[in-house]
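Chemist:
There are 2 protein chains.
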Amino acid sequence: MPHTSAAPSSAVQALSLLLGQVPHLTATDIQVFVAHWQKEVQLPRGEFLIRPGQAEHTLYFVHTGLLRIYFPTGAEEICVGFGYESSLICSFPSFVTGQPSEYGIQALRRSELLGISRTDFMAFVEQNANFARFWRAELERNLVGRIEREIDLLLPDPLHRYQRLLARSPQLFQRVPKKYIASYLRMTPETLSRLR
Amino acid sequence: MPHTSAAPSSAVQALSLLLGQVPHLTATDIQVFVAHWQKEVQLPRGEFLIRPGQAEHTLYFVHTGLLRIYFPTGAEEICVGFGYESSLICSFPSFVTGQPSEYGIQALRRSELLGISRTDFMAFVEQNANFARFWRAELERNLVGRIEREIDLLLPDPLHRYQRLLARSPQLFQRVPKKYIASYLRMTPETLSRLR
DNA sequence: CCAAATCCTTGATGGCAATCAAGATTTACC
DNA sequence: GGTAAATCTTGATTGCCATCAAGGATTTGG
Numbered sequence: 000m001p002h003t004s005a006a007p008s009s010a011v012q013a014l015s016l017l018l019g020q021v022p023h024l025t026a027t028d029i030q031v032f033v034a035h036w037q038k039e040v041q042l043p044r045g046e047f048l049i050r051p052g053q054a055e056h057t058l059y060f061v062h063t064g065l066l067r068i069y070f071p072t073g074a075e076e077i078c079v080g081f082g083y084e085s086s087l088i089c090s091f092p093s094f095v096t097g098q099p100s101e102y103g104i105q106a107l108r109r110s111e112l113l114g115i116s117r118t119d120f121m122a123f124v125e126q127n128a129n130f131a132r133f134w135r136a137e138l139e140r141n142l143v144g145r146i147e148r149e150i151d152l153l154l155p156d157p158l159h160r161y162q163r164l165l166a167r168s169p170q171l172f173q174r175v176p177k178k179y180i181a182s183y184l185r186m187t188p189e190t191l192s193r194l195r
Numbered sequence: 000m001p002h003t004s005a006a007p008s009s010a011v012q013a014l015s016l017l018l019g020q021v022p023h024l025t026a027t028d029i030q031v032f033v034a035h036w037q038k039e040v041q042l043p044r045g046e047f048l049i050r051p052g053q054a055e056h057t058l059y060f061v062h063t064g065l066l067r068i069y070f071p072t073g074a075e076e077i078c079v080g081f082g083y084e085s086s087l088i089c090s091f092p093s094f095v096t097g098q099p100s101e102y103g104i105q106a107l108r109r110s111e112l113l114g115i116s117r118t119d120f121m122a123f124v125e126q127n128a129n130f131a132r133f134w135r136a137e138l139e140r141n142l143v144g145r146i147e148r149e150i151d152l153l154l155p156d157p158l159h160r161y162q163r164l165l166a167r168s169p170q171l172f173q174r175v176p177k178k179y180i181a182s183y184l185r186m187t188p189e190t191l192s193r194l195r
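For the record, the sequence lines run as chains D and G.
First residue of the first sequence? That's 0 in numbering that gives the first Met the number 0, and the numbers climb one at a time after it.
First residue of the second sequence? That's 0 in numbering that gives the first Met the number 0, and the numbers climb one at a time after it.
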């Protein structure tokens, strides 16, 4: 083992692993790319990655932990998504448009993340067809998922919404506090509890 | 005017106009591209572009008319989106994944469309960085819009949902029958009527 | 321009989930 | 491991939207 360079962090290794699954990306591509994920963040439980109204144009990789994305209405906060280990997370509209984020992102457990700036990330997408393909696949997967979810939200019957989510993401119910799932399912914690 | 080639159809002209707004696309790029939109469709009011369960992996350009995208539940159909003039429309999950469509698309007025197969379209995206950029921008715009919409659907109060949609898409209320808007807003036509 | 269908509105009633409340359980953190 | 906080469950009540129904307005298509 060479002593001249520091060993890559565990988070960088995990990110490299994720990228290794992308077709046609070379080891060199990945090595150069991960070097640009320079923003290391450690969040204790309850801490915020992004607060609503804040301009934060960073794409994050969740190495460990669990986060929720929420939208603050006047009265309450509604949960619109979660961030799991080994996935990407950001306030998407803010990341894409450059506007301040309407959403907040909060750690539900102690979480470790790696971040890359919008500028750096988009430079890779522009200059390398393989990264462009990767980002396009991310966008398509995300979009298909959101359309699925739109159905869930339109179903009038709380039981149907619960059953669809349970079928699609059973692991959610073992990791995320039920009250956030209830908000995500557009019902009160009491109603969710009675359905189970 | 040359007699050796047929004049481009009005639909092709409109599509070319839309593509002309894309940065870096050359006139030649556009000319070659639009030649692959070979599926011409004319739908009378009430007719279906795609029926649920059908495999239809075509991307459509709406030249004239108005369509609704809907999801059939056991009891009723819920409206998940609309297709306007000079915009693209498809059953997105089906177009991307190649699976049969869970959604239906129906003409609400007499509509004229142009279609391109998934295979042909993706070939352009793969081979030309400018088309890749165009498709990426489409995906990002679409995704941002869906996230906006997710908020609308999560708001518990029908009045708030109505107000948000009215602020974002006031033209909708002048073009689309209210009963479809009501379904889109997750409420009954009676409730929507009382809000106005 | 007319007839028929579709769509929109207004009213009365009932059901279901939100709300309020309290106790039980789990989880976090020192 | 022990204590405090957070979360989950169960129960009673209320309010709001869906449902059902009917009359009026608009649109469609010949």
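Every residue gets a Cβ at the ideal spot worked out from N, C-alpha and C, and that includes glycine.
Output the distance between the C-alpha atoms of residue 16 of chain G and residue 175 of chain D, rounded to the nearest integer angstrom.
Modeler: Along the second sequence, read from residue 1 onward, the residue named residue 16 of chain G stands at position 17. Along the first sequence, read from residue 1 onward, the residue named residue 175 of chain D stands at position 176. Their backbone Cα atoms lie some 48 Å apart in a straight line.
Chemist: Where do the N-terminal and C-terminal ends of the alpha helix (DSSP H) with residue 144 of chain G fall, by residue?
Modeler: Within the second sequence, numbered from 1, the residue matching residue 144 of chain G stands at position 145. 128-153 is the span of the alpha helix (DSSP H), which, as asked, contains residue 144 of chain G.
Chemist: How far does the beta strand (DSSP E) with residue 71 of chain D in it extend, from its first residue to its last?
Modeler: Position 72 of the first sequence, counting from 1, holds the residue named residue 71 of chain D. Note, residue 71 of chain D: beta strand (DSSP E), 66-71.
Chemist: Using a Cβ-Cβ cut-off of less than 9 Å, list which residues of the region 29-59 of chain D approach chain G; keep chain order.
Modeler: Listed by position along the chain: nothing, the set is empty.
Chemist: Taking only beta carbons into account, state which residues of the region 75-95 of chain G come closer than 8 Å to chain D, listed in chain order.
Modeler: Those residues of the region 75-95 of chain G that come within reach of chain D (Cβ to Cβ, closer than 8 Å) are 77, 79, 91, 92 and 95.
Chemist: Taking the straight line between their C-alpha atoms, what separation do you get for residue 79 of chain G and residue 9 of chain G?
Modeler: Within the second sequence, the letter at position 80 stands for residue 79 of chain G. Within the second sequence, the letter at position 10 stands for residue 9 of chain G. Rounded to whole angstroms, residue 79 of chain G to residue 9 of chain G spans 29 Å at the Cα level.
Chemist: Going by Cα to Cα distance, which pick from D:85, D:47 and D:81 is closest to residue 181 of chain D?
Modeler: Here residue 181 of chain D refers to the residue found at position 182 when the first sequence is read from its first residue. For the residues D:85, D:47 and D:81, the minimum Cα distance to residue 181 of chain D belongs to D:81.
Chemist: Please report whether the beta-carbon of residue 108 of chain G lies at a distance below 8 Å from any beta-carbon of chain D.
Modeler: The count along the second sequence starts at 1 and reaches residue 108 of chain G at position 109. For residue 108 of chain G, the answer is no, since every Cβ of chain D falls outside 8 Å of its Cβ.
Chemist: Does any CB atom of chain G fall closer than 8 Å to the CB of residue 141 of chain D?
Modeler: In the first sequence, counting from the first residue as 1, residue 141 of chain D sits at position 142. So, interface residue.
Chemist: Keeping to the same chain, check which residues put their C-beta closer than 8 Å to that of residue 19 of chain D; ignore five residues upstream and five downstream.
Modeler: To locate residue 19 of chain D, count along the first sequence from 1; it is residue 20. Excluding sequence neighbours, residue 19 of chain D sits near 29.
Chemist: What three-state label does DSSP hand residue 37 of chain D in the structure shown?
Modeler: One-based indexing of the first sequence puts residue 37 of chain D at position 38. If DSSP states are grouped into helix, strand and coil, residue 37 of chain D belongs with coil.
Chemist: Nearest to residue 22 of chain G by alpha carbon, out of G:167, G:135, G:96 and G:171?
Modeler: Locating residue 22 of chain G in the second sequence gives position 23, counting from the first residue. Among G:167, G:135, G:96 and G:171, the Cα nearest to that of residue 22 of chain G is on G:135.
Chemist: Comparing alpha-carbon positions, which option in G:68, G:108 and G:125 lies nearest residue 62 of chain G?
Modeler: Within the second sequence, residue 62 of chain G is the residue found at index 63, counting from 1. Comparing Cα positions, the closest option is G:108.
Chemist: Need the endpoints of the alpha helix (DSSP H) that residue 18 of chain G sits in, please.
Modeler: Walking along the second sequence from the start, residue 18 of chain G turns up at place 19. Taken as a continuous stretch (DSSP letters only), the alpha helix (DSSP H) holding residue 18 of chain G covers 9-19.
Chemist: I need the boundaries of the beta strand (DSSP E) containing residue 100 of chain G, first residue and last residue.
Modeler: Start at 1 with the first residue of the second sequence, and residue 100 of chain G comes out as number 101. Premise fails: residue 100 of chain G is in no beta strand (DSSP E) and is neither H nor E.
Chemist: Would you list the residues sitting across from residue 63 of chain D in a DSSP beta bridge?
Modeler: Locating residue 63 of chain D in the first sequence gives position 64, where the first residue counts as 1. Paired residues: D:111.
Chemist: Please report the distance separating the alpha-carbon of residue 210 of chain G from that of residue 113 of chain G.
Modeler: Nothing about residue 210 of chain G can be reported from this structure: the residues present for chain G run from 0 to 195 only.
Chemist: Say yes only if the C-beta of residue 67 of chain D is nearer than 7 Å to one or more non-hydrogen atoms of the ligand GTP, and no if none qualify.
Modeler: The ligand GTP is not among the ligands present in this structure, which contains no ligands whatsoever.
Chemist: Output needed for residue 51 of chain G: all residues of its chain with C-beta closer than 7 Å, excluding positions within five of it in sequence on either side, in chain order.
Modeler: Here residue 51 of chain G is taken as the residue at index 52 of the second sequence, counted from 1. Excluding residues within five positions, the ones whose Cβ falls inside 7 Å are 71, 100, 101, 102 and 103.
Chemist: Going by the DSSP bridge assignment, what does residue 81 of chain D pair with across the sheet?
Modeler: As a first step, residue 81 of chain D is located in the first sequence; it is residue number 82 there, counting from the start. For residue 81 of chain D, which the question treats as bridged, DSSP gives the partners D:67.
Chemist: Three-state secondary structure (DSSP) at residue 168 of chain G?
Modeler: Sequence index remark: in the second sequence, residue 168 of chain G carries index 169 (1-based). Residue 168 of chain G falls in the coil class under three-state DSSP.
Chemist: Nearest CA to the CA of residue 58 of chain D: which residue from D:171, D:91 and D:64?
Modeler: As a position in the first sequence, residue 58 of chain D is number 59, starting the count at 1. Among D:171, D:91 and D:64, the Cα nearest to that of residue 58 of chain D is on D:91.
Chemist: Counting pairs of beta carbons, one from the region 130-147 of chain D and one from the region 131-145 of chain G, are three or more of them closer than 8 Å?
Modeler: Touching, yes.
Chemist: Over the uninterrupted alpha helix (DSSP H) stretch that includes residue 191 of chain G, give me the two end residues.
Modeler: On the second sequence, residue 191 of chain G is found 192 positions in, with the first residue counted as 1. Per DSSP, residue 191 of chain G belongs to the alpha helix (DSSP H) from 188-194.
Chemist: Could you pull out every residue in the same chain whose Cβ sits closer than 6 Å to the Cβ of residue 69 of chain G, ignoring the five residues on either side in sequence?
Modeler: The residue labelled residue 69 of chain G in the question sits at position 70 within the second sequence. Cβ neighbours of residue 69 of chain G beyond the five flanking positions: 76, 78 and 103.
Chemist: Work out the CA separation of residue 138 of chain G and residue 110 of chain D for me, nearest whole Å.
Modeler: Numbered from 1 along the first sequence, position 111 holds the residue referred to as residue 110 of chain D. Numbered from 1 along the second sequence, position 139 holds the residue referred to as residue 138 of chain G. One C-alpha to the other measures close to 29 Å.
Chemist: So, with DSSP's three-state summary, where would you put residue 1 of chain G?
Modeler: By one-based count along the second sequence, residue 1 of chain G stands at place 2. With a pLDDT of 44 at residue 1 of chain G, under the threshold of 50, the modelled position of that residue is not reliable, and the figure given next carries that caveat. Here residue 1 of chain G sits in coil by DSSP.
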